[in-house]
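Everything on this sheet refers to the single structure shown next.
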Amino acid sequence: EVAEEANAETVARLRGMFSLPADRLQQIVKQILVDMKKGLEKDGAANIKMLPTHVTRRPSGKEKGTYLALDLGGTNFRVCEIILDGAGGSTMHQSKFVIDEAAKTGDGTALFDFIADCVKAFLGEYHKDQDVEAVKWKLGFTFSFPVDQWTINSGSLLIWTKGFTATNVVGKDVVALLKSAFERKNLNIDVTALVNDTTGTLMSLAYSKPDTYVGVILGTGSNCAYVEKIENVIKYKGPREGVKEMLINMEWGGFDDDMVVIPRNKYDLKLDRESANPGSYTFEQLISGMYLGEIVRLVLVDLVKTGELFSYSAGGSPELRTKYAFETAYMSRIERDYSYQLMETKTILEEHLNIPETTLADRKLVKAICEMVGLRSARLAAAGVAAVVTKINKLGAPGVTVGIDGSLFLLYPHYQNRMRDALREIVGISAENILLEKSQDGSGTGAALIACLAGK
Ligand code: ADP
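Residue 525 is where the sequence shown ends in UniProt numbering, and the numbering goes up by one at each step.
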């Protein structure tokens, strides 16, 4: 009884730190719109980079051909081969590789050599009977970091995000780095497109759904791309003749890095301070899969200190005190735990995190914290979507489709409904014109489409 009462106070205090009422979301939308406009005018004018992608048309559905695609920028590295069937459909096969810390944080050459080795292994497996070195392959390179794109297949890395820190890559043309690695491995591959995963996500869904104008990633990181009228892309210096629209990679992860509109609590600030790139991509930190579990962990550690949590297990456990040990996937499992005694939550806390003993009150509190952190993420993502749909004037009928990829959107319980509820709070009845739809495999099919269009 007493424990439950204490909990109620704790929960109320934490709610105050994590909640985002509708009026605050509306302020956020307004600021995103201001930043979008500024970012389109001039480089460096806003926290949101608004990067021109050099992708100037959406697919017609008739694109056809066989392409390789690489996906670097998340938890896994993928190599795929995609066959576009020319009728809005595609087939593919892929291999996933774990990127070890050495490749992520060592020298850039090692990272690109690792990539080339994976491609070689992939071709060796799927094209055993071919002389892979004799074939001229066409490839779309999905590289999901902020890139100053010079052409459809060249551009330099602006900064690393999502825990990558490999040296000698920032400021360099990442396609040139990839090409030299291919040459070192005797691979004859034409890199015809450099792609961001958001752009790929948009294109991949647009192949079969032409009313797709927005692509969103809610995975390891978070970001968005959308279709902008070329006349609004004031800072674009490339050719404009015959060009009506351009996909813009917003890099919305950097929104509010000066921390003026979104309320930040001490846990958010600590997460940022102890991140690989402090002060940078702080919007992403509040939303994406790489960070949500860590925010929850920081709250738990604090509540152990104040005696509000796990008081039977004095001090929690070494696992609980290990950075990034509380996975975002645990939050999914805890939020899906509707058992009377919260037994799944008990398993995670006592078996995965080795906390000797938890009470039901402890577990309820942990679940409530997961809910607050997960809910805030979905509401912020919805604010981003609301801003973009407003910017492109698609709040009215017939509406717009937003293609979304990433584990949070696909796997986190209630995430989609929470986004829809927040959209409804922000834009009212117009929310019915915004269709949030899964768009899986943007970095494969999407990259192949962009590589195909680039070759024309
Ligand atoms: P990518 O790395 O390409 O973005 P994902 O979309 O799978 O790939 O995102 C991976 C992120 O999703 C990781 O940060 C991981 O913590 C998180 N994640 C994995 N499984 C789940 C899950 N079941 N629920 C919520 N988040 C998850």
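Note that CB positions come from ideal geometry on N, CA and C, so glycine has one too.
Cβ-Cβ distance between residue i and residue j below 9 Å
i	j	result
K207	A430	no
S344	I228	no
G511	M315	no
S213	G130	no
G322	S277	no
T268	G515	yes
T470	Y282	yes
R445	L369	no
N222	L263	yes
T414	L361	no
A451	L480	no
R126	P279	no
D341	Q100	no
L287	F478	yes
A447	Y399	no
G232	M105	no
F210	V243	yes
I473	L89	no
L449	I503	no
N265	T122	yes
G385	I417	no
F251	V148	no
L422	E388	yes
E132	L109	no
I184	L141	yes
Selection from the options that minimises the alpha carbon distance to residue i
i	options	result
A500	C187, M488, I356 and G224	M488
Q410	A398, K231, F352 and R432	R432
T270	L522, G513 and L422	G513
E419	K189, T144, D140 and F395	F395
G175	S273, N237 and K165	N237
D327	P347, Y336, E310 and C439	P347
K111	Y305, I364, I221 and K165	Y305
R84	N334, R309, S408 and T428	N334
L367	I356, S380, Y381 and D337	D337
E320	D104, K118 and I101	K118
residue 66	D186, G288 and I303	Nothing about residue 66 can be reported from this structure: the residues present for the chain run from 70 to 525 only.
L518	N116, T160 and V243	T160
K339	M359, E363 and K107	E363
F146	P128, V167, G158 and G134	V167
A383	I417, E426 and T416	E426
G177	A235, K165, E78 and G468	A235
G157	M412, G311 and G134	G134
Which residues DSSP lists as bridging residue i, in chain order
i	result
K298	E314
W206	I258
T428	According to DSSP, T428 bridges with nothing at all.
G384	Looking at the DSSP assignment, G384 forms no beta bridge with any residue, so it has no partner.
R402	Looking at the DSSP assignment, R402 forms no beta bridge with any residue, so it has no partner.
A138	C149 and G209
H162	E150
L505	V471
D186	Looking at the DSSP assignment, D186 forms no beta bridge with any residue, so it has no partner.
K133	D154
S223	T220
D176	T236
V167	N145
Any non-hydrogen atom of the ligand ADP within 8 Å of residue i CB
i	result
T416	no
L477	yes
I221	no
G515	no
Y481	yes
A398	yes
G142	yes
M359	yes
D266	yes
L287	yes
G362	yes
D406	no
D474	yes
G290	yes
S401	yes
S512	yes
Near the ligand FMN: residue i beta-carbon under 8 Å from a heavy atom
i	result
N145	This structure lacks the ligand FMN; the ligands present are the ligand ADP.
Of all the beta strand (DSSP E) runs that stay within the bounds of the segment 83-131, which reach a length of 3 or more residues? none
Quick one: which unbroken alpha helix (DSSP H) runs of 4-plus residues sit fully inside the segment 308-374? Chain order, please. 335-342, 351-356 and 358-374
To test your reading of the DSSP string, which unbroken beta strand (DSSP E) runs of 3 or more residues are found completely within the segment 225-294? 258-264 and 281-287
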